[in-house]
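This report concerns only the one structure given below.
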């Protein structure tokens, strides 16, 4: 079981920025993908961005250009830089790790609230 701890959430005004961090208990190079998902009240959890062990990235179409996922293998940490935040970005953001055997782990989530 991979332990994932998110941080960096909070309250920000429209147009502001936040950087989320996800610290993993394993060497993240051992993961197939690391990703960020979010879940707004009353909505299903949705993909925000994913990054593979090789560094390839995948984003939700609606977030391209505003959000950037990156990884620091030396720190076993994955980041999500969020710019030009909008009220509709308000959600709990979850870190996800998928290992090569298909096993998945989730963090506890971090709240992001964008005020207008």
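Numbering (the working numbering), first residue to last: 2 to 117. A virtual CB, placed ideally from N, CA and C, is assigned to each residue, including glycine.
By DSSP's criteria, residue i is part of a beta bridge. Which residues make up the other side?
{"i": "residue 105", "result": "99"}
{"i": "residue 7", "result": "23"}
{"i": "residue 62", "result": "Paired residue(s): none; residue 62 is not in a bridge."}
{"i": "residue 92", "result": "113"}
{"i": "residue 39", "result": "47, 94"}
{"i": "residue 52", "result": "35, 58"}
Let's test the definition: count the other Cβ atoms within 10 Å of the Cβ of residue i and tell me whether it reaches 16, buried, or not, exposed.
{"i": "residue 90", "result": "buried"}
{"i": "residue 12", "result": "exposed"}
{"i": "residue 28", "result": "exposed"}
{"i": "residue 32", "result": "buried"}
{"i": "residue 20", "result": "exposed"}
{"i": "residue 101", "result": "exposed"}
{"i": "residue 97", "result": "buried"}
Thinking just about the alpha-carbon of each residue, which of the options is nearest to the one in residue i?
{"i": "residue 62", "options": "111, 48, 25", "result": "48"}
{"i": "residue 110", "options": "95, 40, 84, 59", "result": "95"}
{"i": "residue 117", "options": "8, 77, 54, 86", "result": "86"}
{"i": "residue 25", "options": "78, 57, 71", "result": "78"}
Using a C-beta cutoff of 7 Å, does residue i count as contacting chain C?
{"i": "residue 88", "result": "You won't find chain C in this structure, because it holds only one protein chain."}
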